[in-house]
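Undergrad: Take this structure first; my questions come after.
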Amino acid sequence: MRINLQNTGKSRITINHIIGIVTITLMSIICHGQPKIENTGGVEQPRIVNIVNFIRLLEPRYNSRITEEILYQTVVSQLDLMKKYRVGGTFLLQYDALMDSRYQKLLKELPAEYEVGAWWEIPQPLVEKAGLKWRGRYSWDWHANVGFSIGYTPNEREKLVDIYFEDFKKIFGYYPKSVGSWFIDEVTLNHMYEKYGIIASCNCRDQIGTDGYTIWGGYWNQGYYPSQVNSYMPAQNSENQIPVPIFRMLGSDPVRQYDDGIGKLKQGVITLEPVYKNGGGDSAWVNWYFNEFVEGPCINYAYVQSGQENSFTWAKMEKGFTIQIPLIAKLRGEGKIKVKTLAESGAWFKKNFKVTPPTSLTALGKFANDDRKTVWFNSRFYRTNIIWEKGSLRFRDIHLFDEKLQSDYLNKNNELTTCNYYTLPFVDGKSWSDSNHYAGLYLKSILNGKEVLLEGGMPIVNDTREGTLKILWPLKNAEGVFLIEMNEREIKMKLESKLLIDWFLEFEVSERFDLPIKNMNENRIECKLKEHVYNVYIKNGSYSTSEKRGYYKLLPEKEGLIIDLSIR
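Heads up, the sequence shown is in my numbering, so the first residue is 167 and it goes up one at a time.
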């Protein structure tokens, strides 16, 4: 059964809706232990896993405790375990490791299910071979203005690429097809594509402040085609994109990573990385994550990257690695996931999508004592996140994408040890929250003359219609359902109830934050970040302001509420 979210013009729920809700909920609980609608649309929605291990020659952050030999043996151990369970993967080499004979010998004769590519951090040997002055504290320096391409002028970036790729070909006999980095600029990426034909890239998950790198507001998971003027920003049109998909790395906890470190300058790490005890190194968490990954409704495909850089050493990652690799092999054997190299994922992506597709990620199952639930939705126009907590619903995040917004590093090099990649915020529940209040759009109503949060049960998610995610949320205090439909351009909402419910979304935020919202005119909310103006359009609805700074309401009309996030 599919749930129809088309507008009917009625404000009351029908008996067919009630029967459908009960039937779907009971069947889902019986079959899966949690309410969810299986995909019945006949469209393949593969769950793709990349195992990506990137390799540095040395690790100067820990003095002499981590030697080059320890780092090398870490890679040997990773490869041995992967071979044992017959799972392929991708090894990405930083330039200094590329030029080391041990790694060359180890990786030259890998079986076909393995790939060797480039890890794009910039060490001293590469810089000096390009005739440039090394400015680092060590021969590899993680500061953003030294160890990454944005620290160099556009011409210098292309020179660095040419040297790496030619040396790689001399060693392996071909140019690398995949290039990864915590962040890789658009000039470098486009040069690698146009001159050397790379077909895939990967960059860091969203984070705030970690290692001095703030990367926030982007296409939250899976992959996207970047704008020609901003590699962190998805393009909206094929003519303005670099035709190399960038996949987001590290498998962030979809519920907990976002809020981690609220009120602090940087976040902690709750990801699939094997070294982290509250993430990829914990068996219970890993099994929870992969269960949500495999069973959760998704649009088009699901994606996650496993693996670890050798800098952490085998002693620290062994436990997590030995939890994850056998599980990945088991799930592959059961036909629940596809294990691909990064290049294979890029080739598959380009074959199936001419522009960045809409995707989703859901986590509805309880982990430990935390029963929060979440849905992420991404498209080439925006991303959004909904979280259910203590029976209520909140839009925790809405960021817009604009292919015309240039990167801060497009035409000049970064002179700071830190960096900042960003998109266009409309709701930012992380950056605009503090320990006293979580920012977001809260679903509320007027009941018995009082403004209250609407409360509900387990959300039911439907992914059967191509490019669209539908959510049905059974309500407790309104005797009905709240319906959400997200497509690549719009978010549509409607409440159907036996009662006449006066509902709305209210944006709440601490008064101390300076918001980008500047004007509200008719159905348009005008925002400005730095010098860039962008708009959110309210269709089939209106807004009202509040005396309290930063607060406003989005009010539905009879047919519901539609937020258009695609008009630039």
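Glycine included, C-beta positions come from ideal geometry on N, C-alpha and C. These figures come from a predicted structure and were not determined experimentally.
Taking 9 Å as the cut-off, decide whether the C-beta atoms of LEU571 and MET399 are in contact.
TA: Closer than 9 Å, so yes.
Undergrad: Who are GLN407's beta bridge partners in DSSP?
TA: In DSSP, GLN407 forms a bridge with SER393.
Undergrad: First and last residue of the alpha helix (DSSP H) that includes THR240?
TA: Element bounds for THR240: 234 to 250.
Undergrad: Rounded to whole angstroms, what's the CA-CA distance from PRO212 to TRP542? Just pull it up for me.
TA: Answer to the nearest angstrom: the Cα atoms are 17 Å apart.
Undergrad: Kindly indicate which residue of THR488, ALA644, TYR709 and ARG546 has the alpha-carbon position closest to the one of THR245.
TA: Rather than Thr, the amino acid found at residue 245 in this sequence is Leu. The residue with the shortest Cα to Cα distance from LEU245 is THR488.
Undergrad: Determine whether the Cβ of GLU360 lies closer than 9 Å to any Cβ atom of chain B.
TA: Any reference to chain B falls outside this structure, which holds one protein chain only.
Undergrad: With which residues is HIS698 paired in a DSSP beta bridge?
TA: The partner list for HIS698 (beta bridge, DSSP) reads LEU695.
Undergrad: What separation, rounded to the nearest whole angstrom, lies between the Cα atoms of ASP262 and TRP286?
TA: One C-alpha to the other measures close to 11 Å.
Undergrad: Roughly how many angstroms lie between the CA atoms of ARG734 and ILE564, to the nearest whole one?
TA: Whole-angstrom Cα-Cα distance: 15 Å.
Undergrad: Pop quiz: LEU731 and PHE547 are said to be a contact at Cβ under 8 Å. What is the actual Cβ separation, rounded to whole angstroms?
TA: That pair is a contact at about 6 Å.
Undergrad: According to the neighbour-count rule (16 or more other Cβ atoms, all chains shown, within 10 Å of its Cβ), is ILE728 buried or exposed?
TA: Counting Cβ neighbours within 10 Å, ILE728 comes out buried, since at least 16 surround it.
Undergrad: Can you have a look at ASN614 and say buried or exposed, based on whether 16 or more other CB atoms are within 10 angstroms of its CB?
TA: Answer is exposed; the Cβ neighbour count stays below 16.
Undergrad: Going along the chain, which residues of its own chain have a beta-carbon closer than 7 Å to the beta-carbon of GLY434, five neighbours each way excluded?
TA: ASP426 and GLY427, listed in sequence order.
Undergrad: If VAL421 sits next to ARG538, beta carbons under 8 Å apart, how far is it from one beta carbon to the other, in whole angstroms?
TA: The Cβ separation is near 5 Å, so the contact holds.
Undergrad: Span of the beta strand (DSSP E) holding SER526?
TA: Residues 525 to 529.
Undergrad: Determine the direct distance from the alpha carbon of TRP598 to that of GLY622, and round the result to whole angstroms.
TA: Each residue's alpha carbon lies about 26 Å from the other.
Undergrad: Do the CB positions of ASN216 and GLU475 come within less than 9 Å of each other?
TA: No, Cβ-Cβ distance for ASN216 and GLU475 is not below 9 Å.
Undergrad: DSSP three-state call for GLY447: helix, strand or coil?
TA: In the structure shown, GLY447 sits in coil (DSSP, three-state: anything other than H, G, I, E or B).
Undergrad: What does a CB cutoff of less than 8 Å around LYS443 pick up in its chain, not counting 5 residues either side in sequence?
TA: Within the same chain, LYS443 has no close Cβ partners at all.
Undergrad: Which value, in whole angstroms, describes the spacing of the CA atoms of GLY375 and ASN551?
TA: Computed Cα separation, rounded: 21 Å.
Undergrad: Just verifying my parser: in three-state terms, what is the DSSP assignment at PRO543?
TA: Correcting the residue type first, residue 543 is Phe in the shown sequence and not Pro. Strand at PHE543.
Undergrad: Mind checking whether LYS705 and GLU654 have CB atoms under 9 Å apart?
TA: No, Cβ-Cβ distance for LYS705 and GLU654 is not below 9 Å.
Undergrad: With a threshold of 16 other CB atoms inside 10 Å of the CB of TYR587, please say whether the residue is buried or exposed.
TA: Buried, because 16 or more other Cβ atoms sit within 10 Å of the Cβ of TYR587.
Undergrad: What residue does the alpha helix (DSSP H) around SER558 start on, and which one ends it?
TA: SER558 -> not in any alpha helix (DSSP H); beta strand (DSSP E) instead, spanning 558 to 566.
Undergrad: Taking buried to mean at least 16 other C-beta atoms within 10 Å of its own C-beta, is SER526 buried or exposed?
TA: It is buried - the Cβ of SER526 has at least 16 other Cβ atoms within 10 Å.
Undergrad: Tell me the DSSP bridge mates of SER611?
TA: VAL618 and TRP669, per the DSSP bridge assignment.
Undergrad: In three-state DSSP terms, what is GLY384?
TA: If DSSP states are grouped into helix, strand and coil, GLY384 belongs with coil.
Undergrad: Note down, in chain order, each residue of its chain lying with its Cβ closer than 8 Å to the Cβ of ILE187, except the 5 sequence neighbours on either side.
TA: Summary for ILE187: the model assigns pLDDT 44, below 50, so the residue's position carries little reliability; its value from the coordinates is reported in the next sentence. Around ILE187: ILE626, LEU638, PRO640 and VAL647.
Undergrad: Among the candidates ASP629, HIS603 and SER558, whose CA atom is the shortest distance from the CA of LEU609?
TA: Of ASP629, HIS603 and SER558, the residue nearest in Cα terms is SER558.
Undergrad: Helix, strand or coil: how does DSSP classify LYS504 here?
TA: In the structure shown, LYS504 sits in a strand (DSSP, three-state: E or B).
Undergrad: Go to TYR587, then tell me how far its beta strand (DSSP E) extends in each direction, as first and last residue.
TA: From DSSP, the beta strand (DSSP E) with TYR587 extends over 585 to 588.
Undergrad: Have a look at THR437 and LYS724 and give me their C-alpha separation to the nearest angstrom.
TA: For THR437 and LYS724, the distance between alpha carbons rounds to 42 Å.
Undergrad: Give the straight-line distance between the Cα atoms of TYR391 and ARG414, rounded to the nearest whole angstrom.
TA: Approximately 12 Å, taken between the alpha carbons.
Undergrad: Hey, GLY384 and ARG562: beta-carbon distance below 9 Å or not?
TA: Cβ distance not < 9 Å, so GLY384 and ARG562 don't count as in contact.
Undergrad: What would DSSP say about LYS482, mapped onto helix, strand or coil?
TA: LYS482: helix per DSSP, three-state reduction.
Undergrad: Quick check on SER344: does DSSP put it in helix, strand or coil?
TA: The answer is strand: DSSP assigns SER344 an E or B state.
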